[in-house]
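First up is the structure itself, then whatever we jot down about it.
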Amino acid sequence: MKKPKFQIPSGMHDILPESQSYFQKIYKVVKDIAGFYEFGKIDTPIVEQSQLFEKGTGLSTDIVKKQMYTFRTKGGDHLALRPEFTPGVVRSYIEHGMFNLPQPIKLWYFGPLFRYERSQAGRFRQFYQFGFEVLGEESPSVDAQVIQIFYNILKELKFKNLIIEINSIGDNQCRPYYKKSLSSYFRYREGQLCLDCRRRLRENPLRILDCKEEKCQRIISQAPQMIDYFCEGCKTHFKKVLEFLDEIEIPYHLNPLLVRGLDYYTKTVFEIFEDSNEGKNIGAIVGGGRYDALVKLLGGKDTPACGGAAGVERIVSAMKSRTRSVSHSAPKVFLAQLGDLAKRKSLKLFEDFRKEKIQVAESFGKDSLRTQLRKADKTGSAYTLIIGQKEALEGIIIIRDMKTGKQEIVKFEKVVREIKKRLKKISNL
RNA sequence: GUGGGCGUAGUGUAGUGGCUUAGCACAAGAAUCUGUGGAGUUCUUAGGGGGAGUUCGAAUCUCCUCGCCCACCCCA
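Structure (structure tokens):
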């Protein structure tokens with residue numbers, strides 16, 4: 021007898037009820053803070069034209085080169101499951117003419133992304149991100165505010181030891197010069213670099229900067245730094261971002277070696293980590309930066325923009341390793357019944373409680389009082405209401421305090437009010 | 001994409017070619033028990049990821065495949 025065995029596709033995961041409370045908690049915090057900073061929520065489709073990412077995210081990036089889920093529709097369109105949010109948001113901004121609205125446009129989102137890659141700690145093929153984008157504002161205060169928002173959200177979620185790494189990678193004016201001089205610096209010393217870095221030298225020399233190999237580190241420490249190549253605009257912009265961060269007292273760590281994998285970033289880039297001496301390293305939980313050239317690249321007007329995104333599963337995993345469990349509200353009242361008449365009456369009572377928004381657990385399928393009490397105990401109810409044949413006939417009901425074992429008899433009509441009163445007392449303690 | 005480890009009921013595990021009808025614990029369900037919970041007793045459900053091979057005999061050895069975990073790459 022063979023039963024068919026279906027397995028979840030590689031890299032995917034079910035979010036079971038016990039994890040839902042984490043997701044809901046995060047969603048709520050994000051939503052509240054987004055509202056406070058006057059961001060509007062946007063949902064873009066999970067599929068977009070493949071080209072949008074090829075152009076926006078960049079053909080040279082790993083995300084586009086090897087991690088996109090692409091397919092052709094019956095009509096022949098080339099579509100892709102979104103591997104990141106920003107291009108879709110920018111597409112929407114352009115398509116709906118949001119540049120005609122008062123600028124800046126501030127948007128937030130929360131949803132699933134798809135990347136085809138080998139799963140690992142904190143890495144999935146379908147995963148959730150939330151993020152913020154500010155379009156149409158070039159002021160460095162925006163860069164600082166985006167960072168502040170993520171910082172506040174993580175603080176609200178009880179994160180300690182946050183490390184914010186920040187850098188500027190210049191813009192299309194000054195970065196080419198830097199890249200050139202960096203390449204020639206490394207090419208000169210290619211023989212001393214590790215194999216990966218020799219490959220990076222050809223593909224993206226900037227990435228050599230975050231190689232962890234010791235022999236490379238030595239060479240990197242002497243390498244030319246972006247900071248010496250900034251054009252006037254980038255220089256003052258970066259300086260101001262840091263000043264703003266100082267002003268709002270966000271602790272940051274200047275990391276001249278921080279570069280990001282996406283093509284569209286200009287000027288400010290940042291990542292946020294949790295410094296955990298124990299537990300495994302799940303990488304950055306937030307990443308983002310400024311992308312002043314992207315809107316134009318995707319066919320819009322020349323529009324400065326800045327944003328960032330956070331990995332929800334990574335946040336959940338950090339929250340889980342921190343606390344034993346998130347207390348989820350169990351029903352405080354259990355309704356136990358014996359006999360047909362009582363059963364009929366308790367069904368009605370159950371509805372009365374629902375109208376009062378008091379959560380009541382029951383076990384109508386069970387007949388033994390002992391079994392019902394056992395269940396009441398297991399689910400952690402504070403009170404059990406007992407109604408049997410006798411009580412049903414006399415129009416009364418027993419309230420049993422599960423802690424003390426004391427029982428009281430109340431008139432059937434008064435029981436909702438009585439329970440309400442008692443629950444209030446509990447929650448005030 | 002590269003490299004390493006792993007895969008036994010829902011969960012955690014034992015068993016290293018025959019002593020196994022695959023054992024144990026927890027969980028779940030039922031009975032005891034339509035009238036008072038946390039316990040007991042009894043019973044039940046349910047298992048070697050999948051496929052091929054070696055062998056008289058495979059959970060155990062070999063190969064393939066799928067999946068998980070970890071590291072690299074890269075990223076949230």
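Under the numbering used here, the residues of the first sequence are numbered 21 to 449, in order. All residues carry an ideal CB built from backbone N, CA and C; glycine is no exception. Because the structure is a prediction, the values reported are computed rather than measured.
Exercise. Should N448 go down as buried or exposed, given a rule of 16 or more other Cβ atoms within 10 Å for buried?
Worked result: Position 428 of the first sequence, counted from the first residue, corresponds to residue 448. It counts as exposed.
Exercise. In or out: Q357 buried (at least 16 other Cβ within 10 Å) or exposed?
Worked result: The sequence position of residue 357 within the first sequence is 337, counting from 1. The residue is buried, with at least 16 neighbouring Cβ atoms inside 10 Å.
Exercise. Touching or not, the stretch 88 to 102 and the stretch 61 to 78, by the rule of three or more beta carbon pairs under 8 Å?
Worked result: They touch, by the three-pair rule.
Problem set entry | Residue range of the unbroken beta strand (DSSP E) whose run includes R310 | Taking the first sequence and counting its residues from 1, one reaches residue 310 at position 290. Looking at the DSSP string, the run of the beta strand (DSSP E) that includes R310 is V306 to R310.
For this session: Could you tell me whether the Cβ atoms of Y42 and V306 are closer together than 8 Å?
Result: The residue labelled residue 42 in the question sits at position 22 within the first sequence. The residue labelled residue 306 in the question sits at position 286 within the first sequence. Between Y42 and V306, the CB-CB gap reaches or exceeds 8 Å.
For this session: For I83, I'd like the list of residues in its chain whose CB is within less than 8 Å of its CB, leaving aside the five on either flank, ordered along the chain.
Result: Locating residue 83 in the first sequence gives position 63, counting from the first residue. F73, T77, P103, E104, R135, G281 and L282, listed in sequence order.
For this session: Give the straight-line distance between the Cα atoms of P107 and V315, rounded to the nearest whole angstrom.
Result: Counting from 1 along the first sequence, the entry for residue 107 is found at position 87. Counting from 1 along the first sequence, the entry for residue 315 is found at position 295. Rounded to the nearest angstrom, the two C-alpha atoms are 9 Å apart.
Problem set entry | Outcome for Y208 when other beta-carbon atoms lying within 10 angstroms are tallied against a minimum of 16 | Walking along the first sequence from the start, residue 208 turns up at place 188. When all chains shown are included, Y208 counts as exposed.
For this session: Using only alpha-carbon positions, find the residue among I228, Q212 and D312 that is nearest to K235.
Result: As a working note, residue 235 is residue 215 in the first sequence. From the listed residues I228, Q212 and D312, the smallest Cα separation to K235 is found for Q212.
For this session: Ignore the nearest five residues each way along the sequence and tell me which others in M118's own chain have a CB closer than 6 Å to its CB.
Result: Walking along the first sequence from the start, residue 118 turns up at place 98. Correct list, in chain order: I125.
For this session: Under 7 Å Cβ to Cβ from T93, same chain only, skipping five residues before and after it: list those, please.
Result: Taking the first residue of the first sequence as position 1, residue 93 is located at position 73. Around T93: L99.
Problem set entry | Beta-carbon proximity check, E467 vs F150, cutoff 8 Å | Absent from the model: residue 467. The displayed extent of the chain is 21 to 449, so no value can be given.
Exercise. Leaving out the 5 sequence neighbours to the left and right, which residues in its chain are closer than 8 Å to K199 when beta-carbon positions are compared?
Worked result: Position 179 of the first sequence, counted from the first residue, corresponds to residue 199. These residues qualify, in order along the chain: P225 and L226.
Problem set entry | Assigned exposure category for D248 - 16 Cβ within 10 Å defines buried | Your numbering for residue 248 matches position 228 in the first sequence. Exposed, because fewer than 16 other Cβ atoms sit within 10 Å of the Cβ of D248.
Exercise. Do three or more CB pairs link the stretch 183 to 194 to the stretch 284 to 291 at distances below 8 Å?
Worked result: When Cβ pairs closer than 8 Å are counted between the two stretches, the stretch 183 to 194 is seen to touch the stretch 284 to 291, the count reaching three or more.
Exercise. Taking the continuous alpha helix (DSSP H) assigned at I446, which residues delimit it?
Worked result: Start at 1 with the first residue of the first sequence, and residue 446 comes out as number 426. Here the alpha helix (DSSP H) through I446 covers V435 to N448.
For this session: From the DSSP output, in three-state form, read off Q245 for me.
Result: Here residue 245 refers to the residue found at position 225 of the first sequence. Q245 falls in the coil class under three-state DSSP.
Exercise. Just how far apart, CA to CA, sit G299 and A338?
Worked result: In the first sequence, the residue the question calls residue 299 occupies position 279. In the first sequence, the residue the question calls residue 338 occupies position 318. With a pLDDT of only 44 at G299, under the threshold of 50, the placement of this residue in the model should not be trusted; the figure read from the coordinates follows. In a straight line, the C-alpha of G299 is about 9 Å away from that of A338.
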